[in-house]
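Single-structure report; data block below.
Numbering (this note's numbering), first residue to last: 398 to 621.
Written out as structure tokens, the structure is:
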């Protein structure tokens, strides 16, 4: 009887492992599909002369020549489409935009270029959405003031997105109650960027300025 029970347990364990593998495979397949859809959106912004000849093979001489021209143009287009926030801020200052003009310019540029002021973002599946589309989940740093969060979310981000030719931005999910972790503010953080009473928070000494989510930040500190 014990041998039979052990055998049943092994079958259950194998079934669970298979289910988990199937779920991972499905997720990977969906991620690949989403990436292909985003790339197609970018390609739609390219001039017609860069269209591949679908009557020929991918490795045909014609398509190889087209790709040699397309890739540099695509990289150039991506640089322009995803306008770094620093450039966006400078553009707002040049326009004397009232939403930024009252901030000291160099101080604001320094803040925007410092990754410690930005919210880590993860691309995750929307579990509550029947279609399970990917969304950008924004994790807040506990010390950031409402004024700083409002500036990033309601001024800088929206203006930056309007400068993009290909609108690829997924929906961003903000929930500072659930998507929040306690980290210390930079020592030199301007007073207006720090939430009042933040000094009463007890921090995890193992976290310091970093968090596990920082590994997922974009490599370019100017992008968030």
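C-beta atoms are modelled at their ideal positions from N, C-alpha and C, and glycine is treated no differently.
A straight line joining the alpha-carbon of residue 594 with that of residue 588 spans about 11 Å.
Taken through DSSP and simplified to helix, strand or coil, residue 584 comes out as coil. With 16 or more neighbouring CB atoms inside 10 Å of its own CB, residue 581 falls in the buried class.
At the C-beta level, residue 556 and residue 485 come within 8 Å of one another.
The Cβ atoms of residue 552 and residue 509 do not sit closer than 8 Å to each other. Listed in chain order, the non-local C-beta contacts of residue 516 below 7 Å within the same chain comprise 535, 536, 537, 538, 621, local neighbours out to five positions each way being set aside. In the DSSP assignment, residue 591 forms a beta bridge with 541. The beta carbons of residue 590 and residue 514 sit about 7 Å from each other, so the pair counts as a contact at 8 Å.
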